[in-house]
Structure formats: structure tokens, C-alpha cells
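Here the structure comes first, spelled out in C-alpha cells, and everything after it is commentary.
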Amino acid sequence: MRAWYMADIETATDKDPRLEHALIPPQPVAESDLKTIGVLYWKLDPQNFDEDLDRIRVQRNYSYMDEIRIEPDSLENYEEKLKVFFSEHFHRDEEIRFVLAGSGYFDVRDKEDKWIRILVEAGDLIVLPAGIHHRFTMDTKNCILVKRLFVGEPVWLAIGRPEENDLARVTYRERLKAGFLEKKIPMTNSVFSDFTGPAGCKIGIMDKEWDESMRIVAVDNMVRMVAAGQDPLLPEDYKAKILGLSTRTASSHPISLNVEPKFEQILVPHKSKTFDPVQHLIEWHRIVVNEHPGIVIRSS
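Each step along the sequence shown adds one to the number in my numbering, with nothing skipped, and position 146 is 244.
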């Protein structure tokens, strides 16, 4: 991965977006600078990535994955699709791409609305945060093969400017002001009483009034357990508390996740056919992270 500030394509002699369009002299952008606008990056071995990619997927709840090849001979209406990809937009969810082969450019706006061009190549895993203005285009090689990852079912909604009042944009601007700093919540059992699950594992049950930080810790504990293949069969009142459903029924909050067979341990079957606590825990965990921009939970 390489990144740099872009020159203005509109005033360039050659306006082909597939060119580098770097400033003269070049102004490179470091990975640490990308993090301050919410862009995350991992470098994986493109020939031996399964274990590392699986670990990241479990940590970040990326339960759905597919694959797409973008090149003139394999993508229908190639030129028209590229125009759509290169139109500035944002999403209400993260955009996660892992490059298997080839290369291309993600352009993102910085804090001052300047364009940063990010070259991604084989082995690069990039995450664009929900709400960031961005666009995509190919480079002169005209070929890229990527895995697309999602939390739950894919959502293909792209929102163009100037929808600045959209919740995703409002939340993104708040996180941008904070520099996307991560706040770790201490994992403590002092507010829990023990409950031994069917797998013999200890899980925490709240014995006092819950505040938001307690709920986040509890959800994170559950996600850690599920990622480890343990089965958190929870008492009904606990499920109601942790999901914030109160007297509402779980069936009124349907959650649908399309998960590959090797990730079935994430969706541990529950005795109730109408309520899968693990699905709801994962979804609730995602909502908490999105709606509390100052708090980011990472599984260790």
C-alpha cells in the first residue's frame, strides 16, 4: 500500500483517472495519518492468508465474504461501472476489501476535504470507515481481484454528496474530530456474578443496574466467547438486558447474517428457533461500536 495527496485531475494535461496524479513534488501519506481519518490497513501474505484473515474476521465480526474480479473481459459494462465507482460517495457501513491480485486506487477525503490516493495491491486489506467520502478506480493495469467483506448481509447503498445530515456522515465527522482514537474499556469481573455455561465456561451476569460501559463490556465478553467456540446459553432476563429489548420480543428485531460454514461456530444454535442470542450479540456489538464513536472494542 502506498498513499499520497492528489493533484487536481480536472486541471491535469491527461485527465485519465487511472494515472497516479501525484502532486509535484510528491506528498506521501503515512499509514498513521490514514488512521486519523479512520482508514485501517493490514498487510497479509496473498498466497497464505487464511489464518490471518480469519482472525481479523472474527475480531471485527466480518461474517459475510465474496469475491469479485474487475477487468474489461470479466465485468459486464466495465467502463460504465468504473464511472459509477469513481463517483464520490459514502456508505453507512464500512467498506472492506482484501486484494488477492492486481491493483487499484481508493481515493479518500482528508480532514480538509483534500483527496488522498491509496494504491492497493496483492496482500493489502483496507477498511474505509462508514461515512467517509471516497471513490474507486483502476490503475493502468486494468485488473484487480478482491474479496469483499461485510458485517452481516451486504448492503450496496452508495450515497452521494451533499447528504451531510445522514447519520453516517454525522457520526463520521464526530469521530474525525476525535482523531479516531480508540478507548479500551478495562475487562473486570467486579461488576459480575458468575454463571457457569453448559460448556463449563464462566460468563458474567450483571447484578446491578447496567450503564452503557457495562453493557459494552458484557457484549464484548460474549463476542470473545463465541469467537473461541464457546456456547453462551444465557438466561432470558440476561438476554433481554444485554440486547436492550426490555419487554419487546426478539422477533421484532430480526437479524440476518449469512455466514460461511467454517464460521458456523459464531452462530451457535439456541434451543429457541425464534431467538439466536449470538446473532443478536454480534449485531448489538456492531451497533454499540457505531453509535459510540469514542469507544472501539477489540477482541484480543
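Note that the Cβ used here is the ideal one computed from N, Cα and C, for glycine as well.
Hey, Phe-278 and Thr-134 are a contact pair by Cβ (cut 8 Å); roughly how many whole angstroms apart? 6 Å
Can you give me the Cβ contacts of Pro-115 inside the same chain, cut-off strictly under 7 Å, excluding the 5 residues immediately before and after it? Ile-107, Phe-184 and Thr-235
Unbroken stretches of the alpha helix (DSSP H), 4 residues or longer, contained in the region 109-181: 129-133 and 148-158
Go ahead and pull the three-state DSSP assignment for Ala-266. helix
Please determine, among Glu-219, Asp-237, Asp-211 and Arg-273, the residue with the shortest C-alpha to C-alpha distance to Arg-259. Asp-211
By DSSP, does Arg-246 sit in helix, in strand, or in coil? strand
Mapping DSSP to helix, strand and coil, what is Glu-272? helix
Rounded Cβ spacing between Val-137 and Tyr-103 (contact assumed at less than 8 Å): Not really, about 14 Å apart at Cβ, beyond 8 Å.
To the nearest angstrom, how far is the alpha carbon of His-187 from that of Phe-147? 30 Å
Rounding to the nearest angstrom, what Cα-Cα distance links His-232 and Lys-181 in this structure? 13 Å
Between the CA atoms of Pro-227 and Leu-247 - distance to the nearest angstrom: 13 Å
Can you give the Cα-Cα distance for Ala-120 and Ser-201, rounded to whole angstroms? 17 Å
DSSP three-state call for Phe-183: helix, strand or coil? helix
Count the other CB atoms within 10 Å of the CB of Ala-276; is the residue buried (16 or more) or exposed (fewer)? exposed
Using the three-state DSSP reduction, which class does Tyr-103 fall into: helix, strand or coil? strand
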